[in-house]
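One structure is given here, and the rest of the page talks about it.
Residue numbers (the numbering used here): -5 to 429.
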């Protein structure tokens, strides 16, 4: 099997079916990983997927362009609803001016009545009083007209504004569709490019190489750090020139639907490199050469931010090797060790509560329980560096082949990020309902 092809496959599958790719805890012990059950795509299939992704992207761009014209029309002052709103506002302003004039007429009529001299005749007084009454009636009518016109103007303005907001929202949906289509297109193109690059290249084979966790508490409390051990064992009959292990932490909230990886920070340390180093984004830790039957330990420290919400987590580990002659291989799957995340102030967890682990890519045995920071009796000390490359002879730096041997396990880990937690939440809720 070509491990690079396997990674490309996992990426392609993750784009289309993210929620059914990998079992990450004992809750999935009865389910076969979907990545195994799904046939690996051929170059032709990847080309077809890339072409379909390109077509979908082109259609999304065209829809966005058309939507922009609709948005421009909706925002224009010449839009029908905008014209109606403008006319209604003018009528309301005119009605308000008429009301002001009517109120002034009442004031003037009352002033004229009050100004009549004592010598005014009854007819003159009656006429002045009638003028006041008529002015008050006209003012009341103007007030009603003003209120009606203002209501209509407000309704027309609201309708125009709502149409503009709706057009803007519709356009934002089209923008997101373009972004989503571009992401799918990019993933499909990358999967195809990696598969083509690997076409005809050397095969990497499954190997009896395990990376198992021990000493991880069953729960991790937000705002605290915990130290545990990762043991890499060479179960093959040959010395492996450059061994790389992978360590990755994935967490979600209690629903299993929201990823909370950003609150988790993983560091590593070895006897050869005793300072704590942040595990890099590619999750690789270079270990150097490892003799047949030997094992080496890596200390890991997991720190959970104080703001980390309660939830569930899993540590995923795997290993690979590259020899000087170009041969390569790795663990056929990924070992998983589950734990829970508790909110800050919940107290400490119980060490070793979830340390059994399990292999996601094939049937595996229980994880080893070697002590942290020690080496096998015939093995070598880990020779990692902060960059994840081997620092001594026979290491990854000397072969230049690290990127060509990404193991099955790390591809599965990417899938877990996208979908495994959601499946776990559904499985747990289903189990609870049947209990």
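Cβ atoms here follow ideal geometry from the backbone N, Cα and C, with glycine treated the same way.
Query raised in the report: Considering residue 242, what are the terminal residues of the beta strand (DSSP E) in which it resides?
Result: As a working note, residue 242 is residue 248 in the chain shown. Per DSSP, residue 242 belongs to the beta strand (DSSP E) from 234 to 247.
Requested in this report: Take residue 79 and list the residues in its own chain whose beta-carbon comes closer than 6 Å to its own, dropping the five residues that flank it on each side.
Outcome: Translated into the one-based positions of the chain shown, residue 79 becomes position 85. Here the set comprises 150, 151, 154.
Query - C-alpha distance - residue 433 paired with residue 278, whole-angstrom precision - result: The chain is shown from -5 up to 429; residue 433 falls before or after that span and cannot be answered.
Query raised in the report: Nearest CA to the CA of residue 337: which residue from 63, 62, 246, 40?
Result: For the purposes of this step, residue 337 is taken as residue 343 along the chain shown, with counting starting at 1. Comparing Cα-Cα distances from residue 337 to each of 63, 62, 246, 40, the minimum goes to 246.
Query raised in the report: Looking at residue 302 and residue 273, is the spacing between their C-beta atoms short of 9 Å?
Result: In the chain shown, the residue the question calls residue 273 occupies position 279. In the chain shown, the residue the question calls residue 302 occupies position 308. Taking 9 Å as the Cβ cut-off, residue 273 and residue 302 do not qualify as a contacting pair.
Requested in this report: For residue 229, count neighbouring C-beta atoms within 10 Å of its own C-beta (all shown protein chains included) and say buried if the count is 16 or more, exposed if not.
Outcome: Numbered from 1 along the chain shown, position 235 holds the residue referred to as residue 229. Answer is exposed; the Cβ neighbour count stays below 16.
Report task. Could you tell me the distance, in whole angstroms, from the CA atom of residue 66 to the CA atom of residue 156? Result -> Residue 66 sits at position 72 when you count from the first residue of the chain shown. Residue 156 sits at position 162 when you count from the first residue of the chain shown. Going by the C-alpha atoms only, they are around 15 Å apart.
Query - C-alpha distance - residue 398 paired with residue 289, whole-angstrom precision - result: On the chain shown, position 404 is the one that residue 398 refers to. On the chain shown, position 295 is the one that residue 289 refers to. Because the pLDDT at residue 398 is just 36, under 50, the model does not fix this residue reliably, and the point stays unresolved.
Query raised in the report: Count the other CB atoms within 10 Å of the CB of residue 387; is the residue buried (16 or more) or exposed (fewer)?
Result: Looking up residue 387 in the chain shown gives position 393. At residue 387, the pLDDT of 34 sits below 50, so the modelled position is not reliable; the number obtained from the coordinates is stated separately. Under this definition residue 387 is an exposed residue.
Report task. Check each candidate in 41, 59, 255, 133 and name the one with the smallest Cα separation from residue 167. Result -> Residue 167 sits at position 173 when you count from the first residue of the chain shown. Out of 41, 59, 255, 133, 59 has the C-alpha closest to the C-alpha of residue 167.
**Report entry** Sufficient close CB pairs (3 or more, under 8 Å) joining the segment 91 to 104 to the segment 133 to 145
**Finding:** yes
Query - Bridge partner(s) assigned by DSSP for residue 212 - result: Stepping through the chain shown from its first residue, residue 212 is reached at position 218. None; residue 212 has no bridge partner.
Query raised in the report: Nearest CA to the CA of residue 310: which residue from 146, 219, 255, 175?
Result: Counting from 1 along the chain shown, the entry for residue 310 is found at position 316. That would be 255, whose Cα lies nearest to the Cα of residue 310.
**Report entry** Identified DSSP bridge partners for residue 204
**Finding:** Here residue 204 is taken as the residue at index 210 of the chain shown, counted from 1. The partner list for residue 204 (beta bridge, DSSP) reads 227.
Query raised in the report: Cβ atoms of residue 286 and residue 238: under 9 Å apart, would you say?
Result: Working through the chain shown from its first residue, we reach residue 238 at position 244. Working through the chain shown from its first residue, we reach residue 286 at position 292. No, the pair does not count as a contact, with Cβ atoms beyond the cut-off.
Query raised in the report: Run through DSSP, which three-state label would residue 156 get?
Result: As a position in the chain shown, residue 156 is number 162, starting the count at 1. Residue state, collapsed to three classes: helix.
Report task. Take the Cβ of residue 351 as the centre, count every other Cβ of all protein chains shown within 10 Å, and call the residue buried at 16 or more, exposed below. Result -> For this step, residue 351 is matched to residue 357 along the chain shown. Its pLDDT being 42, under 50, residue 351 is placed unreliably by the model, and the measurement read from it follows with that caveat. Buried is the call here.
**Report entry** Endpoints, the beta strand (DSSP E) within which residue 316 is located
**Finding:** On the chain shown, residue 316 is found 322 positions in, with the first residue counted as 1. Here the beta strand (DSSP E) through residue 316 covers 305 to 316.
Query raised in the report: For the beta strand (DSSP E) that residue 324 lies in, which residues bound it at each end?
Result: Reading the chain shown from its first residue, position 330 is the one you call residue 324. Here the beta strand (DSSP E) through residue 324 covers 322 to 324.
Report task. Measure the Cβ-Cβ separation of residue 219 and residue 331 and say whether it is below 9 Å. Result -> Within the chain shown, the letter at position 225 stands for residue 219. Within the chain shown, the letter at position 337 stands for residue 331. Taking 9 Å as the Cβ cut-off, residue 219 and residue 331 do not qualify as a contacting pair.
Requested in this report: Give a yes or no on whether the C-beta atoms belonging to residue 204 and residue 325 are separated by under 9 Å.
Outcome: For this step, residue 204 is matched to residue 210 along the chain shown. For this step, residue 325 is matched to residue 331 along the chain shown. Contact flag set, yes.
Requested in this report: Give a yes or no on whether the C-beta atoms belonging to residue 140 and residue 92 are separated by under 9 Å.
Outcome: Counting from one through the chain shown, the residue named residue 140 turns up at place 146. Counting from one through the chain shown, the residue named residue 92 turns up at place 98. Closer than 9 Å, so yes.
**Report entry** Cβ-based burial, residue 199 [other Cβ within 10 Å; buried from 16]
**Finding:** Looking up residue 199 in the chain shown gives position 205. The residue is exposed, with fewer than 16 neighbouring Cβ atoms inside 10 Å.
Query raised in the report: In terms of alpha-carbon separation, which member of 61, 236, 127, 103 lies closest to residue 160?
Result: For this step, residue 160 is matched to residue 166 along the chain shown. Comparing Cα positions, the closest option is 61.
Query raised in the report: Quick one: what does DSSP say residue 292 is sitting in, helix, strand or coil?
Result: As a working mapping, residue 292 is identified with position 298 in the chain shown. The answer is strand: DSSP assigns residue 292 an E or B state.
Query raised in the report: Taking the C-alpha atoms as reference points, what is the distance between residue 206 and residue 308?
Result: By 1-based counting over the chain shown, the position of residue 206 is 212. By 1-based counting over the chain shown, the position of residue 308 is 314. Their Cα atoms are separated by approximately 13 Å.
Query raised in the report: With which residues is residue 280 paired in a DSSP beta bridge?
Result: One-based indexing of the chain shown puts residue 280 at position 286. BP columns for residue 280 point to 238.
**Report entry** Own chain residues within Cβ distance below 8 Å of residue 214, not counting five before or after
**Finding:** As a first step, residue 214 is located in the chain shown; it is residue number 220 there, counting from the start. Closer than 8 Å at Cβ, skipping near neighbours: 220, 296, 298, 307, 333, 334, 335, 336, 343.
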